[in-house]
Structure formats: C-alpha cells, structure tokens
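Read in order, the letters of the sequence shown correspond to residues 1 to 114 in the UniProt record's numbering. Just so you know, even glycine gets a beta-carbon here, dropped at the ideal spot from N, CA and C. Okay, so here's the structure we're looking at.
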Amino acid sequence: MKILSIQLENFRSFAEVSFQFHDTTIIAGHNGAGKSTLAEAVVWCLFGTDIAGRQKQDEKLMRLGEKRMAVTVTWLIRGKSVVISRTRASRQGSTLLVNGKRAQLGQIEGWFGT
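Here's what the structure looks like:
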C-alpha cells in the first residue's frame, strides 16, 4: 500500500494544501516546515488520535481560530484507490468516510492495524 495524495484543511498550521506523491517521495524541509504535521495528519485521518495515540486532541490539531478541519488521504491498497477522509467540526465528533461512505467498525484497523 502507498499514499497517493494528502489534502489538509485547517490542520495545524496548514489552511488548505494538497500534496501528490509519486513512485518515490522524500519529505524534507527545515524545522517547523510541516514534515511531522503530515505524519500527524495521516494518523488523525486513520485513527482519530494525535501522533502519540492520544484521543480527544482534535481541538489542539485544528488551526487556531477555525471551527472545522479535514484530512483526506488517497491510498493505493491492494491495487485499488481508496479515499479515506476525516472531518471535524468544532465541538462535534469527527466523521470518518471511506470512498465517501461512513467507515465500518474495524475497517481501517483491518487495513493498517492499531
């Protein structure tokens, strides 16, 4: 499996940005450029936790002053494109979608483990 693209909206310091990945991708940059934020966005999208595995951290991950955040990651899994997205509106729980439909219990863990 591999990541094909990532879209972030109001996640940490990113207002709205998308990244496309190709055969070989290296994520490099200066301190504070957002490298760790990309990893944290993938973890939050999949599991709804911060990178340390702590739940209920959404408000800390959301860009300051915003009321909504979203992360969409497009994967190539077993030869098929799978779009996984998580959206959080302030004071509401997050919504996890797989290919536009609510994720089934255990679906993500079945692909990635916990």
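Residues near residue i in its chain [Cβ-Cβ closer than 8 angstroms; skip 5 each side]
i         : result
residue 4 : 20, 21, 74, 75, 76, 81
Coil, strand or helix - residue i by DSSP
i          : result
residue 72 : strand
residue 38 : helix
6 angstroms Cβ shell around residue i - same chain, five flanking residues per side excluded
i          : result
residue 94 : 48, 86, 88
residue 83 : 74, 99
residue 14 : 8
residue 97 : 85
Residue i versus residue j - alpha carbon distance
i           : j           : result
residue 105 : residue 55  : 17 angstroms
residue 18  : residue 101 : 21 angstroms
Burial state of residue i, where buried means 16 or more other Cβ atoms lie within 10 Å
i          : result
residue 27 : exposed
residue 34 : buried
residue 64 : exposed
residue 58 : buried
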